[in-house]
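Protein chains in written order, with this note's numbering: chain A, 1 to 333; chain B, 334 to 660.
The beta carbon of each residue, even a glycine, is placed where N, CA and C say it ideally should be.
Only a predicted model underlies this, so the values are computations on that prediction, with no experimental measurement involved.
Reading through the structure tokens given below for one structure.
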């Protein structure tokens, strides 16, 4: 009897494990596992790494990267890449602070103006990729150069205001609900929107379809070019929103403010199990990737590891993690 | 010659266009230079151009395999920092130092190659991560800018030969003759093109794809370290500057594209990329010559880059079936 019971239990366990495996992407599980590991290693060094204050503070810092990585993820799902992040982030921050300088109306318009400028740049990239069929790596590089040129003329020629508006500071540094930082709430809203868009709308399904095979998506009647352009516009807008938040956080916008966000954004998306070739990946993975990268950077700097060590560890960890779960197929498969 | 000239012309079209565009731009530049076109002007222009050209060559090798190397700039920075410490002293020490720097470049490229080939990771992500590692090592070598380099060697390679010919141009020609031409003509070089055109097809035809990729990545590291050496010869110091590394990585992609090398791999040549790089540099110089306000220069450079990239869209006019657009 006991034997039978245990066999039944074993069967049930196996069925459950199978079910889990079907529902949980191993890459995402690994990424969350690594987050726990990083926190445990950190807590050996100092117990304050597990305190709610520290974790909330890290989530707040992570939310800037999170918003930017959301746009990057949508573009990567298409099988494309957006290298224009550095200066689109700067455009978002600088145009928002410049709009603040217009007075009372400017205060209201600051955030929409910043985001709209990002969307406009994203649309330019999107037209290049979708309609002119130029590789996204080149188009976004060119748009990045143009955005840089525009901002240099803008700041040098018109010396606009570079202090952020109260609303921007409120979004980036304040906390309203149960002590949850507003920046985290913004990221949550963006994330919920992205999940809805990717899983529940035609747009999202088409993004995945294009990432798998654009020709097939086109032949099945999807308006692939419009969707590609839309995805780049979204990415531009979200990068700019990240810039707006960053400008609010630092209470001013600066020229190189977007530089440290391009590579971490790509790394976060890929560490979260999204295929860089497109068509496969879930938003939860990106969340895990963003949190993981932020924690890694923070813990390494709190441990007072010298800067060079931080860069080396950062690179080694990314390669090591991808070697564990992000490998491609063999030719013989 | 043989009956295959239309094919050969098509094969080298990108290179020829880049060459023509560069000649036109450079003539404009030389004819309008305010101080008159002297040997000194040519040498300064050549040093800047050759530096980017070497990085573009490094990028080309990887792009031909349909990969991308986002760590070229960082390998260059690492080589620069290393060179400022070891390429100094007696002639023997200097020689050993140069060899050491080149060896480190090869190792960096080989590591990229191994991770991509054996680890089966995507080149773009791999080189982002290894780039961070190489930058970290550079920072460890040179926490603050400084160092020194054998002045004689540096001046010889960045100065002029008798007759006013910039030495860097000769260096570039030598690199083409020693690295690129033998590579292109070897079986491995052809295998690189085959891998870039169709990896599955190359695999099925028994092309040594792993060896071809490995050689391409390693040579790319070697060329990037040569660029790093050249930076040291120009500046006499080593500086672990992330901004420099990233700028050169991005510029090298731009140069490769302007030079008619396909980012999808399997088509184009390092010669094209070299002219792409020289062209990219001349754009900046032209803006200076035509008295464009310095403030507006980056914007114009961006717009010219965008326009050049959009020229690639001209192929759309020849598409007969819309399905050809979708890969």
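Annotation: the continuous beta strand (DSSP E) that includes residue 176 of chain A extends over 175 to 177. Its Cα nearest to that of residue 445 of chain B, the residue B/400 stands out among B/347, B/400, B/473, B/601.
Listed in chain order, the non-local C-beta contacts of residue 377 of chain B below 7 Å within the same chain number zero, local neighbours out to five positions each way being set aside. Taking 8 Å as the threshold, the shortest C-beta distance from residue 267 of chain A to chain B falls below it.
About 5 Å separates the CB atoms of residue 391 of chain B and residue 405 of chain B; that is less than 8 Å, so the two are in contact. Under the Cβ criterion (8 Å, minimum of three pairs), the stretch 54 to 74 of chain A counts as touching the stretch 225 to 245 of chain A. Shown here, residue 252 of chain A sits in a strand according to DSSP, grouped into three states.
Only residues of its own chain outside the window of five on either side were considered, and among them 456, 459 have a CB closer than 6 Å to the CB of residue 449 of chain B, listed in chain order. Here residue 267 of chain A is near residue 318 of chain A, since their CB atoms are less than 8 Å apart. Note on geometry: alpha-carbon atoms of residue 31 of chain A and residue 177 of chain A lie some 28 Å from one another. Exclusion of the five residues before and after residue 501 of chain B leaves 379, 380, 383, 490, 491 as the residues of its chain whose Cβ lies within less than 7 Å of its Cβ.
In the displayed model, residue 281 of chain A falls within coil according to three-state DSSP, outside both helix and strand. Across the structure, residue 425 of chain B and residue 482 of chain B are spaced so that their CA atoms are roughly 13 Å apart.
Taken through DSSP and simplified to helix, strand or coil, residue 148 of chain A comes out as helix. For residue 614 of chain B, the enclosing alpha helix (DSSP H) has its first and last residue at 603 to 622.
A distance below 8 Å between beta-carbons, with the five flanking residues on each side excluded, links residue 454 of chain B to the following residues of its chain, in chain order: 448. The C-beta of residue 105 of chain A has fewer than 16 other C-beta atoms within 10 Å across all chains shown, which makes the residue exposed. Sequence-distant Cβ neighbours of residue 638 of chain B in its own chain, meaning closer than 7 Å and more than five residues away, are 587. Taking 8 Å as the threshold, the shortest C-beta distance from residue 68 of chain A to chain B does not fall below it. Two segments are said to touch when three or more pairs of C-beta atoms, one from each, lie closer than 8 Å; by this definition the stretch 601 to 614 of chain B touches the stretch 348 to 356 of chain B. A direct Cα-Cα distance of roughly 20 Å separates residue 271 of chain A from residue 330 of chain A. Beta-bridge partners assigned by DSSP to residue 180 of chain A: A/177.
If you draw a straight line from the Cα of residue 651 of chain B to the Cα of residue 542 of chain B, it comes to about 33 Å.
When DSSP states are grouped into helix, strand and coil, residue 26 of chain A belongs to the helix group. Beta-bridge annotation (DSSP): residue 479 of chain B is paired with B/571.
Restricting attention to B/551, B/552, B/525, the CA atom closest to the CA of residue 540 of chain B is found in B/525.
Interface annotation for the stretch 639 to 657 of chain B against chain A: 639, 642, 643, 645, 646, 649, 656, criterion Cβ-Cβ distance under 7 Å. Contact check for residue 571 of chain B and residue 311 of chain A: beta-carbon distance about 17 Å, past the 8 Å limit, so the pair fails to qualify. Rounded to whole angstroms, the gap between the alpha carbons of residue 488 of chain B and residue 579 of chain B is 27 Å. In the three-state scheme derived from DSSP, where H, G and I count as helix and E and B as strand, residue 163 of chain A is classed as strand. Under the rule that a run must span 4 or more residues, the alpha helix (DSSP H) segments found entirely inside the stretch 338 to 402 of chain B read 338 to 344, 346 to 365, 372 to 397. Residue 452 of chain B has a beta carbon lying within less than 8 Å of a beta carbon in chain A. Look at the beta carbons and you see the stretch 619 to 628 of chain B touching the stretch 356 to 373 of chain B: at least three pairs across the two are nearer than 8 Å.
When DSSP states are grouped into helix, strand and coil, residue 80 of chain A belongs to the coil group.
In the structure shown, residue 304 of chain A falls within a coil segment according to DSSP collapsed to helix, strand and coil. Rounded to whole angstroms, the separation of the alpha carbons of residue 418 of chain B and residue 431 of chain B is 11 Å.
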